[in-house]
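Undergrad:
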Amino acid sequence: ESLGFVQPEQNSSLPDGLGYGVVTSTIQYALDAKTMFPWTNDIPKDVYLEYVLPFASVDEARTNWRQLITEALAPIITPLLSEKDVSIREVVHAVNKNVWD
21 ESLGFVQPEQ NSSLPDGLGY GVVTSTIQYA LDAKTMFPWT NDIPKDVYLE
71 YVLPFASVDE ARTNWRQLIT EALAPIITPL LSEKDVSIRE VVHAVNKNVW
121 D
């Protein structure tokens with residue numbers, strides 16, 4: 021379901037010519053975050069599949085940007101795991117407040 025309509029064994033690249041190396045690793049970062057951070061349970065499945073899981077939207081560059089963002093945000097959001105009942109709103113606030121520090 022995460023890879024959508026094309027499976028890796030069917031082709032060596034996606035319709036836009038992008039190889040599965042970037043796609044699978046990018047999707048894996050999204051799935052890892054979904055299991056690691058409890059506040060993601062509040063995201064409706066249709067919103068997650070449409071806006072979080074895809075490796076790119078429309079004309080975005082097809083790069084492995086999730087590794088970079090994961091490493092950049094880890095120091096901000098990992099401490100929130102020790103707090104009870106953290107909401108998505110609180111996570112967004114923490115990221116917006118601290119991401120440029």
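Per my numbering, the very first residue in the sequence shown carries number 21; after that it's consecutive. The beta-carbon is built from N, C-alpha and C at its ideal position, and this holds for glycine as well.
CA-CA distance, Ile96 and Thr90?
TA: As a position in the sequence shown, residue 96 is number 76, starting the count at 1. As a position in the sequence shown, residue 90 is number 70, starting the count at 1. The straight-line gap from Cα to Cα measures roughly 10 Å.
Undergrad: For the structure I just gave you, are there three or more beta carbon pairs, one from the stretch 64 to 72 and one from the stretch 97 to 111, closer than 8 Å?
TA: No: fewer than three Cβ pairs fall under 8 Å.
Undergrad: Hey, would you say Trp59 sits closer than 8 Å to Val115, going by beta carbons?
TA: Counting from one through the sequence shown, the residue named residue 59 turns up at place 39. Counting from one through the sequence shown, the residue named residue 115 turns up at place 95. Cβ atoms of Trp59 and Val115: not closer than 8 Å.
Undergrad: Please report the straight-line C-alpha distance between Glu110 and Asp121, rounded to a whole angstrom.
TA: Indexing the sequence shown from 1 puts residue 110 at position 90. Indexing the sequence shown from 1 puts residue 121 at position 101. C-alpha separation (whole angstroms): 18 Å.
Undergrad: What is the C-beta distance between Arg86 and Tyr49, in whole angstroms, given that I count them as a contact (C-beta under 8 Å)?
TA: Within the sequence shown, the letter at position 66 stands for residue 86. Within the sequence shown, the letter at position 29 stands for residue 49. With 8 Å as the limit, Arg86 and Tyr49 qualify as a contact, their Cβ atoms being about 4 Å apart.
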